[in-house]
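The next block holds one structure in the form of structure tokens; read it before the comments.
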Amino acid sequence: MQTAREVAAFLLANDDYLIVTHRRPDGDAVGSAAALCRALRSVGKRAELFPNPQFLPRFLPLTDGLCGAGDARGKTVITVDTATEKLFPYNAQYLLGKVQLAIDHHGSHTPYAAQSWIVPDAAACGELMPELCEALGAPFTDEIATAVYVAVSTDTGCFRYTNTTAKTFRVAAQCREAGAACDYWNRVLFLEKSRNRLDLEAYLIATAEFYADGSVCFCALPREKIKELGVSEDELDDISGFPRDIAGVQIGAMFRDVNDGAKISLRTYAPYDASAICAELGGGGHPAAAGATVPGTITDAKKALCEALRKHGVQI
Ligand SMILES: [Mn+2]
14 MQTAREVAAF
24 LLANDDYLIV
34 THRRPDGDAV
44 GSAAALCRAL
54 RSVGKRAELF
64 PNPQFLPRFL
74 PLTDGLCGAG
84 DARGKTVITV
94 DTATEKLFPY
104 NAQYLLGKVQ
114 LAIDHHGSHT
124 PYAAQSWIVP
134 DAAACGELMP
144 ELCEALGAPF
154 TDEIATAVYV
164 AVSTDTGCFR
174 YTNTTAKTFR
184 VAAQCREAGA
194 ACDYWNRVLF
204 LEKSRNRLDL
214 EAYLIATAEF
224 YADGSVCFCA
234 LPREKIKELG
244 VSEDELDDIS
254 GFPRDIAGVQ
264 IGAMFRDVND
274 GAKISLRTYA
284 PYDASAICAE
294 LGGGGHPAAA
304 GATVPGTITD
314 AKKALCEALR
324 KHGVQI
């Protein structure tokens, strides 16, 4: 599908929606899903969110009253912001092959749904929601506007990342106009830091590894350290960008233990392409922000990333 109009026609022709978000859902995934769910309900459709076990507490105000039991029987399954079926929640594997529509903005999107609406120019999946609401005939309420604002502001690092376009600002303006709670979410997401989070950042500063004349920075968060510092997933949100925010760093990598190995979150500045580098490791994402999960330990993941970086001309 190429346009919001086509997607709206599909959504108006079907019913009983189950909206699925990806593993470790970020603000864009939660915000897009919540906005879409509310828009569908407002035009008389039955719609609910898949109860992703990794929804972060900080985003719960957005999904209040929207989560169902996750039963897919008789449902029209939609995903938002999900680039590959490898990113389905751990408890949603039974949905593989059952997705009717994928709405996404990842250039690396690997088709898995019967139909897809992929807009790689969009800074966030949520950026597509105002036009979709309009095509659906769904009013752009303050609740929907708040969800969309969280989606676009988080995926753009509060409108600082290079994916932010004139359209992103227009969508943000539209959200503000519609009564989105921008002040509350800006404070919670971008201004406040908990004491635990500051301790964590102190640890990262003390242990950061620099290579290639300081243009590459590796930071690692072993599972035991997270436990020791007592930081919650909420407090870890958005930590992946930390190494690249250091002056001189063009390639920043954050390593974490996950269930099936070690997760690499990569952030780059041009000419380096995070998505292409992560593709070497079976992952993907955007040119400036991408990820991959590799088997083994964080040490194994560091070695694997070094090899991938060498293939992309980095002297490391
Ligand atoms: Mn996104």
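Counting the sequence shown from 1 gives a position; my numbering is that position plus 13.
Just so you know, even glycine gets a beta-carbon here, dropped at the ideal spot from N, CA and C.
Values in this document were obtained by computation on a predicted structure and should not be read as measured data.
Just confirm the distance between the C-beta atoms of residue i and residue j, as a whole number of angstroms; I'd bet it's less than 8 Å.
{"i": "Arg254", "j": "Arg280", "result": "One detail in the question is off: residue 254 reads as Gly in this sequence, not Arg. Confirmed, Cβ separation roughly 5 Å."}
{"i": "Leu149", "j": "Val43", "result": "Incorrect: roughly 20 Å between the Cβ atoms, too far for contact."}
{"i": "Ala82", "j": "Pro64", "result": "7 Å"}
{"i": "Ala137", "j": "Ala96", "result": "Their Cβ separation, rounded to whole angstroms, is 13 Å, which puts Ala137 and Ala96 out of contact at 8 Å."}
{"i": "Ala21", "j": "Leu145", "result": "6 Å"}
{"i": "Glu241", "j": "Cys230", "result": "Wrong, their Cβ atoms sit about 22 Å apart, outside the cutoff."}
{"i": "Ala301", "j": "Tyr197", "result": "27 Å between Cβ atoms; not a contact."}
{"i": "Ala314", "j": "Ala275", "result": "4 Å"}
{"i": "Asn272", "j": "Val244", "result": "Incorrect: roughly 18 Å between the Cβ atoms, too far for contact."}
{"i": "Ala48", "j": "Met142", "result": "4 Å"}
Give the DSSP bridge partners of residue i, in chain order.
{"i": "Gly297", "result": "Gly304"}
{"i": "Thr92", "result": "Val33 and Ala115"}
{"i": "Cys291", "result": "According to DSSP, Cys291 bridges with nothing at all."}
Quick one: does the C-beta of residue i sit closer than 7 Å to a heavy atom of ligand 1?
{"i": "Cys291", "result": "no"}
{"i": "Ala137", "result": "yes"}
{"i": "His118", "result": "yes"}
{"i": "Asp7", "result": "Given that the chain is displayed from residue 14 to residue 329, the structure contains no residue 7 and the question cannot be resolved."}
{"i": "Asp250", "result": "no"}
{"i": "Asp196", "result": "no"}
{"i": "Asp168", "result": "yes"}
{"i": "Asp134", "result": "no"}
{"i": "Asp84", "result": "no"}
{"i": "Asp313", "result": "no"}
{"i": "Asp247", "result": "no"}
{"i": "Asp41", "result": "yes"}
Between residue i and residue j, what straight-line distance do the alpha-carbon atoms span, to the nearest angstrom?
{"i": "Tyr103", "j": "Glu147", "result": "33 Å"}
{"i": "Gly40", "j": "Glu140", "result": "12 Å"}
{"i": "Leu108", "j": "Asp212", "result": "39 Å"}
{"i": "Arg257", "j": "Asp168", "result": "16 Å"}
{"i": "Asp134", "j": "Ser278", "result": "21 Å"}
{"i": "Leu294", "j": "Ala321", "result": "7 Å"}
{"i": "Ala233", "j": "Ala151", "result": "44 Å"}
{"i": "Tyr285", "j": "His325", "result": "8 Å"}
{"i": "Asp94", "j": "Leu202", "result": "19 Å"}
{"i": "Thr92", "j": "Gln328", "result": "39 Å"}
{"i": "Ala193", "j": "Phe68", "result": "21 Å"}
{"i": "Lys99", "j": "Ala191", "result": "36 Å"}
{"i": "Ser207", "j": "Asp247", "result": "10 Å"}
{"i": "Asp117", "j": "Glu19", "result": "15 Å"}
{"i": "Thr220", "j": "Thr181", "result": "36 Å"}
{"i": "Tyr216", "j": "Ala266", "result": "15 Å"}
{"i": "Thr34", "j": "Phe101", "result": "7 Å"}
{"i": "Gln128", "j": "Lys111", "result": "11 Å"}
For residue i, report the span of its alpha helix (DSSP H) as first-last.
{"i": "Leu249", "result": "Glu246 to Leu249"}
{"i": "Ala135", "result": "Segment: none, Ala135 is in no alpha helix (DSSP H) and carries neither H nor E."}
{"i": "Lys99", "result": "It is not in any alpha helix (DSSP H) - Lys99 carries neither H nor E in the DSSP assignment."}
{"i": "Leu202", "result": "Segment: none, Leu202 is in no alpha helix (DSSP H) and carries neither H nor E."}
{"i": "Leu79", "result": "Leu79 -> no alpha helix (DSSP H), and no H or E assigned at all."}
{"i": "Val327", "result": "That residue, Val327, is in no alpha helix (DSSP H); it is neither H nor E in DSSP."}
{"i": "Met14", "result": "That residue, Met14, is in no alpha helix (DSSP H); it is neither H nor E in DSSP."}
{"i": "Pro143", "result": "Met142 to Leu149"}
{"i": "Thr167", "result": "Asp155 to Asp168"}
{"i": "Val43", "result": "Gly40 to Ser55"}
Where do the ends of the beta strand (DSSP E) carrying residue i lie?
{"i": "Lys180", "result": "Looking at the DSSP string, Lys180 is not in any beta strand (DSSP E); the run it does join, the alpha helix (DSSP H), is Ala179 to Glu190."}
{"i": "Arg280", "result": "Gly274 to Thr281"}
{"i": "Phe231", "result": "Val229 to Leu234"}
{"i": "Ser129", "result": "Gln128 to Ile131"}
{"i": "Val271", "result": "Ile264 to Val271"}
{"i": "Glu222", "result": "Glu222 to Tyr224"}
{"i": "Ala60", "result": "Ala60 to Leu62"}
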